[in-house]
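Colleague: Attaching a single structure in structure tokens format; questions to follow.
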Amino acid sequence: MPNNENLVALVTGAARGVGRACAVRLAEANSSLVLMDIGRDTPEVPYPLGSESQLEQTRRLCLKAGADTEAFLGDVRERDDVDAVVKLAVARFGRLDVVVNCAGIVAPSGESIDRVSEADWATMLDINLTGPFRIMSAAARIMKEQGSGSIVNIASTAGLVGYRNFAGYVASKHGLVGLTKAAALDLAPHGIRVNAICPGSIHDAPELEGRMLREVANALDLEGDHEQLFLRDQPSNALVAAEDIAETVAWLASGRSRSVVGAVVTVDGGFTSR
Ligand SMILES: NC(=O)c1ccc[n+]([C@@H]2O[C@H](COP(=O)([O-])OP(=O)(O)OC[C@H]3O[C@@H](n4cnc5c(N)ncnc54)[C@H](O)[C@@H]3O)[C@@H](O)[C@H]2O)c1
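Sequential numbering of the sequence shown, starting at 13, is according to our numbering.
Dropping the structure here:
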């Protein structure tokens, strides 16, 4: 397993799914970790979010992998929470080398643009786009002082192409791709690299407890085996594994990707190449 040079990493959305896979992968690569998740449901989002016990389970898995790990319950919509989690990383580990912006929601969705409410639009943008902006700006202040850092934003193929009835999600992820490039230019002179990953449809692995693909299917009122339906659009004949995203995160976090700046790395089994 390649060494990640004892980095200090903050992972948002770490309670389950892709965030959990990224946290465990970074733990296996000798990073120290601060794990953030909202850890509760919120009325603006129509499906269960990660829980406090799921965040604790991710922490246990990271500890088992040998990593010093702190868990922090916080909402990326709250500036105070964002400032506090960055402060925690520095207080506990003395620095902050890596940020993985993984927290995100896929619904409220499933409506044509003319039926999207102002409130639903605002929720989507606040979590998926302004959340990473808040985390990045707070982390960048620390990373600038250090003169180094790597920020990885988990966008989506919805940051590259449109999907019918997902206007808010698509706009938030296109925004995150743009924000990645703009932040990369601001921060590159300070030794800080900012990159984005655009995953395609990810299998909701039971051991990771993620549920985003299930919620995409729910938003579209799909019946039957939704993973089989998504599989039909995959040139690779396979859904993406959360571990594939985690592996890309580990590479972007490390010095092995030192010349990769402002890149948008697509990990989608060929979906957007069709
Ligand atoms: N699953 C997929 O098919 C897929 C595909 C492309 C991109 N993505 C992106 O990957 C990321 C992770 O997705 P996932 O599949 O693990 O989803 P998931 O719903 O299983 O996990 C998302 C996590 O983010 C947390 N979160 C949500 N709102 C938050 C907030 N306001 N503050 C803090 N934490 C919050 C949730 O509690 C949850 O633990 C998302 O940004 C998503 O858009 C997922």
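Ideal Cβ positions, reconstructed from N, Cα and C, are used throughout, including at glycine. For clarity, every value in this text was computed on a predicted model and none was experimentally measured.
Could you compute how far the alpha carbon of C210 sits from the alpha carbon of R104?
Modeller: If you take the alpha carbons of C210 and R104, they lie about 31 Å apart.
Colleague: Measuring CB to CB, does S149 end up less than 7 Å from R205?
Modeller: Their beta carbons are not under 7 Å apart, which means S149 does not touch R205 by this criterion.
Colleague: Would you check if the distance between the CB atom of E56 and the CB atom of T135 is smaller than 7 Å?
Modeller: Cβ distance < 7 Å, so E56 and T135 count as in contact.
Colleague: Taking the alpha-carbon of L141 as reference, which of G159, V118, A152, Q158 has the nearest alpha-carbon?
Modeller: Out of G159, V118, A152, Q158, V118 has the C-alpha closest to the C-alpha of L141.
Colleague: Given this structure, state the Cα-to-Cα distance separating Y175 from V182, to the nearest angstrom.
Modeller: Going by the C-alpha atoms only, they are around 7 Å apart.
Colleague: Tell me whether N12 sits in a helix, a strand or coil according to DSSP, three-state version.
Modeller: The chain is shown only over 13 to 286; residue 12 falls outside these bounds and no answer can be derived.
Colleague: DSSP has N207 in a bridge; who is on the other side?
Modeller: Bridge partners of N207: V164.
Colleague: Name the two residues that bound the continuous beta strand (DSSP E) containing E82.
Modeller: Element bounds for E82: 81–85.
Colleague: Determine the extent of the beta strand (DSSP E) in which A77 is found, giving its start and end residues.
Modeller: That residue, A77, is in no beta strand (DSSP E); it is neither H nor E in DSSP.
Colleague: Return the CA-CA distance between N177 and N18, expressed in angstroms with no decimal places.
Modeller: Rounded to whole angstroms, N177 to N18 spans 43 Å at the Cα level.
Colleague: When the distance is taken between beta carbons, is V189 closer than 7 Å to A208?
Modeller: Yes. Within cutoff.
Colleague: The alpha helix (DSSP H) that contains T192, what's its start and end?
Modeller: Per DSSP, T192 belongs to the alpha helix (DSSP H) from 179–199.
Colleague: Quick check: is any heavy atom of ligand 1 less than 6 Å from the C-beta of G282?
Modeller: Every heavy atom of ligand 1 is 6 Å or more from the Cβ of G282, so no.
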